[in-house]
Amino acid sequence: MGRAVTVATCALNQWALDFEGNLERISRSIAIAKSRGARYRLGPELEICGYGCSDHYYESDTLLHSFQVLAKLLESPAAQDIICDVGMPVLHRNVRYNCRVIFLNKKILLIRPKISLANAGNYRELRWFTPWNKARHVEEYFLPRIIQEVTGQETVPFGDAVLATKDTCLGAEICEELWAPNSPHIEMGLDGVEIFTNSSGSHHVLRKAHTRVDLVNSATAKNGGIYVLANQKGCDGDRLYYDGCAMISMNGETVAQGSQFSLDDVEVLVATLDLEDVRSYRAEISSRNLAASKVNPYPRIKVNFALSCSDDVAVPTCVPIQWRHHSPEEEISLGPACWLWDYLRRSKQAGFLLPLSGGIDSSATACIVYSMCHQVCLAVKNGNAEVLADARKIVNDETYVPEDPREFCKRIFTTCYMATENSSQETCNRAKLLAEQIGSYHINLNIDAAVKAIMGIFSMVTGRTPRFSVYGGSSRENLALQNVQARVRMVLAYLFAQLTLWTRGLPGGLLVLGSANVDESLRGYLTKYDCSSADINPIGGISKTDLKNFIQYCIETFQLTALRRQVEKGIMSAAPTAELEPLLDGQVAQTDEADMGMTYAELSVYGKLRKIAKAGPYSMFCKLINMWKEICTPREVASKVKHFFRMYSINRHKMTTLTPSYHAENYSPDDNRFDLRPFLYNTTWSWQFRCIDTQVTALCFWYGLILRPSQE
0 MGRAVTVATC ALNQWALDFE GNLERISRSI AIAKSRGARY RLGPELEICG
50 YGCSDHYYES DTLLHSFQVL AKLLESPAAQ DIICDVGMPV LHRNVRYNCR
100 VIFLNKKILL IRPKISLANA GNYRELRWFT PWNKARHVEE YFLPRIIQEV
150 TGQETVPFGD AVLATKDTCL GAEICEELWA PNSPHIEMGL DGVEIFTNSS
200 GSHHVLRKAH TRVDLVNSAT AKNGGIYVLA NQKGCDGDRL YYDGCAMISM
250 NGETVAQGSQ FSLDDVEVLV ATLDLEDVRS YRAEISSRNL AASKVNPYPR
300 IKVNFALSCS DDVAVPTCVP IQWRHHSPEE EISLGPACWL WDYLRRSKQA
350 GFLLPLSGGI DSSATACIVY SMCHQVCLAV KNGNAEVLAD ARKIVNDETY
400 VPEDPREFCK RIFTTCYMAT ENSSQETCNR AKLLAEQIGS YHINLNIDAA
450 VKAIMGIFSM VTGRTPRFSV YGGSSRENLA LQNVQARVRM VLAYLFAQLT
500 LWTRGLPGGL LVLGSANVDE SLRGYLTKYD CSSADINPIG GISKTDLKNF
550 IQYCIETFQL TALRRQVEKG IMSAAPTAEL EPLLDGQVAQ TDEADMGMTY
600 AELSVYGKLR KIAKAGPYSM FCKLINMWKE ICTPREVASK VKHFFRMYSI
650 NRHKMTTLTP SYHAENYSPD DNRFDLRPFL YNTTWSWQFR CIDTQVTALC
700 FWYGLILRPS QE
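Counting from 1, position 329 in the sequence shown corresponds to residue 328 in numbering that gives the first Met the number 0; the numbering is continuous, with no gaps.
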């Protein structure tokens, strides 16, 4: 009857400018889709060159090599008798567009440019591309000779059109267009398009996946239809992890779900669906049908091909499924772990080195590496030959098979506890016990000799010896003495990363991992060029609160008793501390929250208001007097807000050298491209703070409050 269509979508671990690898993964996905009966295959956004090419999009080489890959795909036997939808940049009349190139049997059917460009947060598409603003308009595109020689075509349609096959009609969206308030699928659906496709380059953010799923399902809930979404996956060369989640939905319900986190470079979803289910669903929506009668039609590209077979009565079709979402703790365990694996194998290094302090942050980083080892062993057990080959290259053993996560961790992960006279025995024991339980190669060392040598040089040159504040020194002396310890640790971390494997008779070097969380970075509570300065940081976009919950997850999932709160002076129960000031009676006297003058919970609130709510000092104060009205007076709120903005602005310069971190939070202070701010502020905020003071005075009068004298 020709009503059961079989379509395929995929999630590919593409790598920016890796044209050879990208071609292989695209070709493999097409072959898999075809072998499973699909008649249409959809791939991720800009999959030929990789989404994260950034300013390489300006280069003519990127366009040239993309067309060279397209020529290979057009010629491929695997790409015959299946409609292939691939993504690449295209220059049309000297304007660069982010495009879908849709082809069948060595003929290009349509080049569809992106209409709504992503230009917020981590996205800068308007820097490299121009949106196609000619709705329902098609022009001739003159193909380059390299493509003409394959297709025999001189020109092809370029613009906003849909494909009309023998049995149905397909319309394309590209990533951001799904999120736009006037998404193309609305008008396309009213014009009779039954299958919508979306090629995405969407990255992971904690607690975001459900939003994408809801948007896809809602796209067809009101209008009916089949929605097919593809997405990139993995680390393609920067701070983002593209989190897959390829899916197929029909009439508002999910029928196929791809994985969000996986070490598989190629994942293909195939679904067979009944077009009559779409037609009957739409038939009873009278409001839709009334709107459809007035719609401005799309240009239709006729395709002499069907997505169904003529005799398909007995063909089974897919039924709705319940989407399974990961908890935030699972996301932290899996997302950064997959990102680390991609970074490790693609950088061709031999492992990681982590300065392990025995605190929450460095312990969470260690647990993420351990989770990565779990994922590698599981992938190998499930027959992933690519992961096995990568693991063998990393450990330099062609016969090695990673089966035990602890044993694999021992080979690729070095932890190092760097003690000073200000370090406690408790943190040393916690670091050692955790290292034993995850299996890392652990080093204990004391850096006092290096610290004293540096201070000796200073004293010899200046004739002055700085002292800690507990011994009568000034705050300047106290801070400088702490910074020296922290920076010595950074220097030693890189030394041991370069030479530890050499001392063990093994080849290669190690990547240094940082472990500053997003809240500390926001406040600037870190020493510039200390152990927060590393090669990469898997927790730099994660809050302290989420890391504590993740630690609890690791206790339950990996049985890491070193993390358990019940263990005497365990990591979970320990107060966060830098351990850079002298001990009192052998006990830690310095704590992070006391040093910062604010709690980590407060920092998360400040961060979300500053970035997500776009609040400056005055707006933040106005929001917090209501949020905290049960616990703080307006004057106390004013004091807290002023203190945060002073510290934030004083320390903002540190963000310019922040270690590249896994992006996981929408209030990240990442200065690279996500959170663009000055790094030299007028830290008095005189006008803004005066507005706050005026409002405090007005509130005092209005409510008749008796306030304590200001401590500002």
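For each residue, glycine too, the CB sits at the ideal point set by N, CA and C.
Every value quoted in this text rests on a predicted model; they were computed, and no experiment measured them.
What does DSSP give as the partner residues of residue i in its beta bridges?
i: Arg111; result: Arg99
i: Ser439; result: In DSSP, Ser439 forms no bridge with anything.
i: Phe157; result: Ile110 and Glu138
i: Val6; result: Tyr39 and Ala270
Go ahead and pull the three-state DSSP assignment for residue i.
i: Leu352; result: strand
i: Glu664; result: coil
i: Val566; result: Unreliable placement is indicated for Val566, whose pLDDT of 46 sits below 50; no coordinate value is reported for it.
i: His642; result: helix
i: Ile714; result: Coverage of the chain is limited to positions 0 through 711, which leaves residue 714 absent and any answer about it impossible.
i: Cys699; result: helix
i: Gly191; result: coil
i: Val137; result: strand
i: Asp80; result: coil
i: Glu252; result: strand
i: Val604; result: helix
i: Met595; result: helix
i: Cys415; result: strand
i: Val713; result: The structure shown does not extend to residue 713, since the chain spans only 0 to 711, so no value can be given for it.
i: Ile611; result: helix
i: Pro88; result: strand
i: Ile247; result: strand
How big is the Cα-Cα spacing for residue i and residue j?
i: Gln565; j: Lys431; result: Only weak support is given to the placement of Gln565: the predicted model assigns it a pLDDT of 38, under 50, and the value that follows is read from those uncertain coordinates. Distance between the alpha carbons of Gln565 and Lys431: 18 Å.
i: Ser370; j: Phe407; result: 11 Å
i: Ser75; j: Ser26; result: 8 Å
i: Glu567; j: Pro506; result: Interpretation of Glu567 is limited by its pLDDT of 48, a score under 50 that renders its predicted location unreliable; no figure is taken from the coordinates.
i: Ser689; j: Ile411; result: At residue 689 the sequence reads Arg, which differs from the Ser that was named. Computed Cα separation, rounded: 55 Å.
i: Leu11; j: Val604; result: 36 Å
i: Thr210; j: Leu41; result: 21 Å
i: Gln67; j: Ile320; result: 40 Å
i: Gly471; j: Asp235; result: 52 Å
i: Thr683; j: Glu519; result: 21 Å
i: Leu657; j: Pro668; result: 9 Å
i: Cys337; j: Tyr122; result: 21 Å
i: Val450; j: Val483; result: 7 Å
i: His441; j: Cys427; result: 11 Å
i: Ile107; j: Phe128; result: 22 Å
i: Ala378; j: Lys133; result: 46 Å
i: Leu559; j: Ile437; result: 8 Å
i: Leu63; j: Ser28; result: 23 Å
Quick one: give me the first and last residue of the alpha helix (DSSP H) that residue i is part of.
i: Gly334; result: Pro327 to Ser346
i: Arg299; result: No alpha helix (DSSP H) contains Arg299, which is instead part of the beta strand (DSSP E) from Arg299 to Lys301.
i: Asn625; result: Pro616 to Met626
i: Pro723; result: Not covered by the structure: residue 723. The range shown for the chain is 0 to 711.
i: Gly382; result: Gly382 -> no alpha helix (DSSP H), and no H or E assigned at all.
i: Gly523; result: Gly523 -> no alpha helix (DSSP H), and no H or E assigned at all.
i: Ala179; result: Here Ala179 belongs to no alpha helix (DSSP H), and DSSP marks it neither H nor E.
i: Glu124; result: Glu124 to Trp127
i: Ile453; result: Asp447 to Thr461
How would you label residue i, buried or exposed, when you count the other beta carbons within 10 angstroms and need 16 or more for buried?
i: Gly223; result: buried
i: Gly200; result: buried
i: Ala452; result: exposed
i: Glu46; result: buried
i: Ile145; result: exposed
i: Gly455; result: exposed
i: Lys165; result: exposed
i: Phe644; result: buried
i: Gln710; result: Residue confidence is low: Gln710 scores 42 on pLDDT, short of 50, so the model does not pin down where it sits. Its coordinate-derived value is still stated next. So Gln710 ends up on the exposed side.
i: Arg323; result: exposed
i: Leu500; result: buried
i: Val400; result: exposed
Taking residue i as part of the beta strand (DSSP E), name the residues at either end of that continuous run.
i: Ala37; result: Note, Ala37: premise wrong, no beta strand (DSSP E); not H, not E.
i: Lys232; result: Ile225 to Gly233
i: Val269; result: Val265 to Asp273
i: Ile173; result: Cys168 to Ile173
i: Thr164; result: Neither: Thr164 is in no beta strand (DSSP E) and is coded neither H nor E.
Less than 6 Å separating the Cβ of residue i from some heavy atom of the ligand ZN?
i: Ser618; result: The ligand ZN is absent from the structure shown, which contains no ligands of any kind.
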